[in-house]
Structure formats: C-alpha cells, structure tokens
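Comments concern the structure below.
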Amino acid sequence: MDSTTEGEHIEKLEKEAESLKIRLEDERKKLNDVTLCEVADRLQAINCINVKPRRVLKGHQAKVLCSDWSPDKRHIVSSSQDGKMIIWDAFTTNKEHAVTMPTTWVMACAYAPTGALVACGGLDNKVTVYPLSLEDDVTTRKKTVGTHTSYMSCCAFPNSDQQILTGSGDSTCALWDVESGQLLQNFHGHSGDVMSIDLAPSETGNTFVSGSCDKMILIWDMRSGQCVQSFEGHDSDVNSVSN
Numbered sequence: 001m002d003s004t005t006e007g008e009h010i011e012k013l014e015k016e017a018e019s020l021k022i023r024l025e026d027e028r029k030k031l032n033d034v035t036l037c038e039v040a041d042r043l044q045a046i047n048c049i050n051v052k053p054r055r056v057l058k059g060h061q062a063k064v065l066c067s068d069w070s071p072d073k074r075h076i077v078s079s080s081q082d083g084k085m086i087i088w089d090a091f092t093t094n095k096e097h098a099v100t101m102p103t104t105w106v107m108a109c110a111y112a113p114t115g116a117l118v119a120c121g122g123l124d125n126k127v128t129v130y131p132l133s134l135e136d137d138v139t140t141r142k143k144t145v146g147t148h149t150s151y152m153s154c155c156a157f158p159n160s161d162q163q164i165l166t167g168s169g170d171s172t173c174a175l176w177d178v179e180s181g182q183l184l185q186n187f188h189g190h191s192g193d194v195m196s197i198d199l200a201p202s203e204t205g206n207t208f209v210s211g212s213c214d215k216m217i218l219i220w221d222m223r224s225g226q227c228v229q230s231f232e233g234h235d236s237d238v239n240s241v242s243n
C-alpha cells in the first residue's frame with residue numbers, strides 16, 4: 001500500500017469513526033425521557049445563599065494554583081505561580097512557613113493525613129515532601145520523593161503518610177513510597193496531560209480517579225495499577241475531578 005492509498009484509507013476510517021460517534025450520541029439521546037432544562041423548570045426556586053468571606057489570606061505574589069486543608073481543620077497549605085508554598089493559620093491568617101521553591105509554577109500541594117507532612121511540586125517535575133515543625137526550618141529536612149518526565153500537576157496522600165500519589169504532564173499517575181522514594185506503581189492509560197486526581201472515600205483507599213487533557217476520566221485500582229472504569233463525554237480538557 002503506497003502512502004497516498006494509506007492516507008486515503010486512514011481518512012476513510014476517521015470519517016467512519018466520526019459517523020459512529022454521531023450515531024452513538026443519537027441513540028443515547030433516544031434513551032433520555034426528559035431534558036435537564038425540563039426537570040429544572042419543575043423545581044421551586046432556591047433562595048440565594050448569602051456567602052461571606054471569613055478570612056482573607058494574603059501573601060502570594062501571583063496566581064494561587066492549589067490549596068489543601070490540614071486534618072486539624074485550622075491550617076492551609078497553598079502553592080502559587082510565584083514559586084512559593086505557604087503554610088497558613090486560617091484562624092489568625094498568619095503565615096507559619098513560607099518555602100521558596102527552585103522553580104516557579106508550584107502547581108500542586110497536599111497535606112498528609114497526620115498533618116505532619118506537606119508535599120508539593122510543579123514545573124520541576126518532582127514531588128517534594130516537607131516535615132513540619134515550628135522549631136525548625138522546614139527546608140532543611142525536605143526530601144525529593146519522586147520525579148516525572150514532565151511537570152507534576154497534582155498530588156494526594158492515600159490513607160497514610162507513607163505513600164503519595166501524583167499526576168503529571170507525562171500522561172501518567174504514580175504511587176511513591178515517601179521514605180525510600182521507590183516507585184510503587186505506575187498508571188498508564190491517558191493519552192494527554194493528567195490534570196487532576198482524587199481518592200475514593202473508602203477505608204481501604206485503593207481506588208482513585210484521574211482527569212486528563214485527553215477528555216477522559218479514568219478510575220484506577222492502586223493495587224494492580226489497572227484502569228477499572230473509564231468515562232468519555234467532555235469535548236475538551238478535564239481540569240478537575242472529585243469524589
């Protein structure tokens with residue numbers, strides 16, 4: 001098969017795939033007995049909720065890209081495009097720690113379940129863990145746990161301080177051992193940048209969900225490294241997922 005014939009064959013297959021997608025969408029619509037707008041019209045109007053800010057935390061010099069609450073429900077960690085990670089006391093609005101990273105765009109941060117550690121990463125491709133102590137400079141005890149081949153976009157601790165889960169622009173998610181830095185599991189399945197991950201709310205904590213620039217949402221088993229469910233329906237990047 002010469003290049004011209006091969007190109008025509010590929011173009012034909014692409015048209016067939018697009019036609020099948022349209023037919024599939026039409027069949028799905030036939031199963032819908034009512035539209036969302038029709039359902040909404042039947043509901044009573046909900047009174048406006050008056051939401052007021054309780055505290056304003058000021059200190060970053062650029063966009064805040066990520067934040068996470070501590071398990072003690074008092075402290076917050078935030079990361080920013082200014083290259084800083086800040087630990088806040090949400091009651092007093094004081095900064096308890098301010099860490100300057102070796103790169104700008106600190107895209108991800110997370111508290112460990114005990115509140116004794118925080119993790120962060122970004123354009124440096126690394127996930128770095130910081131033990132927290134009011135007496136010590138946290139930067140002196142930092143540890144680089146793992147490294148991706150592209151930027152780190154998100155991170156989360158499973159149900160212990162011993163492991164951390166990361167998502168990256170290299171299209172993978174990874175599970176790392178915090179103490180040794182060993183890669184415990186790699187999760188391959190996305191064809192675009194992984195933008196968000198979230199752990200399933202269970203005692204075992206063996207399942208998580210990921211969203212990607214490939215428009216897909218995947219659910220993973222951390223023990224096997226396998227994708228156990230996938231969802232397709234967005235027309236563009238999936239920037240955030242939550243359980």
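Per UniProt numbering, numbering of the sequence shown is gapless, rising by one per residue and ending at 243.
Here a beta-carbon is modelled for each residue, glycine too, at the ideal position from N, C-alpha and C.
Supposed contact pair residue j and residue i - C-beta distance, whole angstroms, cut 8 Å
i	j	result
HIS148	ASP177	Rounded, the Cβ-Cβ distance is 16 Å, inconsistent with contact.
VAL194	SER168	6 Å
GLY233	SER212	Contact flag wrong, Cβ pair sits at about 13 Å.
Beta-carbon spacing of residue i, residue j below 9 Å
i	j	result
THR172	ALA108	no
ALA90	LEU57	yes
GLN185	LEU175	yes
SER196	SER153	yes
residue 288	MET216	Past the boundaries of the shown model lies residue 288; the chain is included only from 1 to 243, so the question cannot be answered.
VAL241	SER202	no
VAL127	VAL145	yes
Chain-order list of residues whose beta-carbon lies under 7 Å from that of residue i (same chain, five-residue window excluded)
i	result
PRO113	PRO71, PHE157, ASN159, SER160, ASP161
ASN206	ASP221, MET222, ARG223
GLY83	THR100, MET101, THR103, THR104, VAL106
Nonlocal neighbours in the same chain, by C-beta distance under 8 Å from residue i, ignoring five residues either side
i	result
HIS75	TRP69, ILE87, TRP88, ASP89, ALA90, GLU96, TYR111, GLY115
Length-filtered (3 minimum) beta strand (DSSP E) runs lying within the stretch 112 to 159: 117 to 121, 126 to 131, 143 to 147, 152 to 156
Segments of 4+ residues assigned as alpha helix (DSSP H) that fall wholly inside the stretch 30 to 67: 36 to 42
At least three beta-carbon pairs within less than 8 Å, the stretch 76 to 86 to the stretch 44 to 63: yes
In chain order, each beta strand (DSSP E) run of at least 3 residues that lies wholly inside the UniProt repeat "WD" (187 to 230): 194 to 199, 207 to 212, 216 to 221
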